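Enquirer: For the sequence shown, position 56 matches number 167 in the working numbering, and the numbering has no gaps at all. Ideal Cβ positions, reconstructed from N, Cα and C, are used throughout, including at glycine. Predicted model, so just to flag it, every value in this text is computed and none were measured.
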Amino acid sequence: MLVRTTFVSFGQAIETGNYSMLRDLASPGFRKRYSEAGLEQALAPLREAALQFGDAVLVVPRINAFERKGEGLIEIAGVWPSSPRASRYRLVFQAGSGAWQLFGFEVSAADDGEHAKAPR
């Protein structure tokens with residue numbers, strides 16, 4: 112669920128140009144690292160690659176790795192099987208305020224055909 116809701120937030124931020132909600136829901140460390148303008152710049156490659164996250168509530172992400180990273184951090188990595196092009200992701204979440212909050216991310220376009228490997 113964490114991966115899916117994060118991609119919903121990415122999609123909404125990119126589609127609307129409003130990065131404040133994504134930033135406000137993230138961990139304090141994330142908010143310190145990214146201003147709204149900085150977050151817009153960090154997500155620009157996703158927008159420019161025309162990666163689609165509009166179907167995020169329906170897509171089942173492929174999770175290749177799940178790891179606890181230090182005190183209160185988890186890292187989840189895998190493939191987001193959107194069409195026409197899948198995305199490779201690495202998301203880091205931090206425990207805080209009674210929930211897991213986004214702490215860091217790396218998302219890029221996956222190799223051609225990688226979306227075909229996704230679970231159905």
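Starting from residue 140, trace the beta strand (DSSP E) both ways and give me its first and last residue.
Expert: Taking the sequence shown and counting its residues from 1, one reaches residue 140 at position 29. Note, residue 140: premise wrong, no beta strand (DSSP E); alpha helix (DSSP H) at 139-144.
Enquirer: Could you check what DSSP says for residue 184 in three-state terms: helix, strand or coil?
Expert: On the sequence shown, residue 184 is found 73 positions in, with the first residue counted as 1. Looking at residue 184 - three-state DSSP - the assignment turns out to be strand.
Enquirer: Determine the direct distance from the alpha carbon of residue 153 to that of residue 182, and round the result to whole angstroms.
Expert: Here residue 182 is taken as the residue at index 71 of the sequence shown, counted from 1. Here residue 153 is taken as the residue at index 42 of the sequence shown, counted from 1. Near 26 Å, if we compare the C-alpha coordinates of residue 153 and residue 182.
Enquirer: Classify residue 172: buried if its beta carbon has 16 or more other beta carbons within 10 angstroms, exposed otherwise.
Expert: As a position in the sequence shown, residue 172 is number 61, starting the count at 1. Per the 10 Å Cβ criterion, buried.
Enquirer: DSSP has residue 204 in a bridge; who is on the other side?
Expert: Here residue 204 refers to the residue found at position 93 when the sequence shown is read from its first residue. Paired residues: 185, 213.
Enquirer: When DSSP labels each residue in this structure, what does residue 196 get in the three-state scheme?
Expert: If you number the sequence shown from 1, residue 196 lands on position 85. Note: residue 196 maps to coil in three-state DSSP.
Enquirer: Taking C-alpha atoms, which residue in 151, 143, 156, 167 lies nearest to residue 114?
Expert: Taking the first residue of the sequence shown as 1, we reach residue 114 at position 3. That would be 167, whose Cα lies nearest to the Cα of residue 114.
Enquirer: Let me confirm a value: residue 127 is counted as buried when at least 16 other C-beta atoms fall within 10 Å, else exposed. Which label applies?
Expert: By 1-based counting over the sequence shown, the position of residue 127 is 16. Looking at its Cβ environment, which holds fewer than 16 other Cβ atoms inside 10 Å, residue 127 is exposed.
Enquirer: Might you give, ordered along the chain, the residues of its own chain that have their beta carbon closer than 7 Å to the beta carbon of residue 220, omitting 5 neighbours on each side?
Expert: Within the sequence shown, numbered from 1, the residue matching residue 220 stands at position 109. So the qualifying residues of the chain are 160, 162, 196, 198.
Enquirer: According to the neighbour-count rule (16 or more other Cβ atoms, all chains shown, within 10 Å of its Cβ), is residue 134 buried or exposed?
Expert: Here residue 134 corresponds to residue number 23 of the sequence shown, with the count starting at 1. Looking at its Cβ environment, which holds 16 or more other Cβ atoms inside 10 Å, residue 134 is buried.
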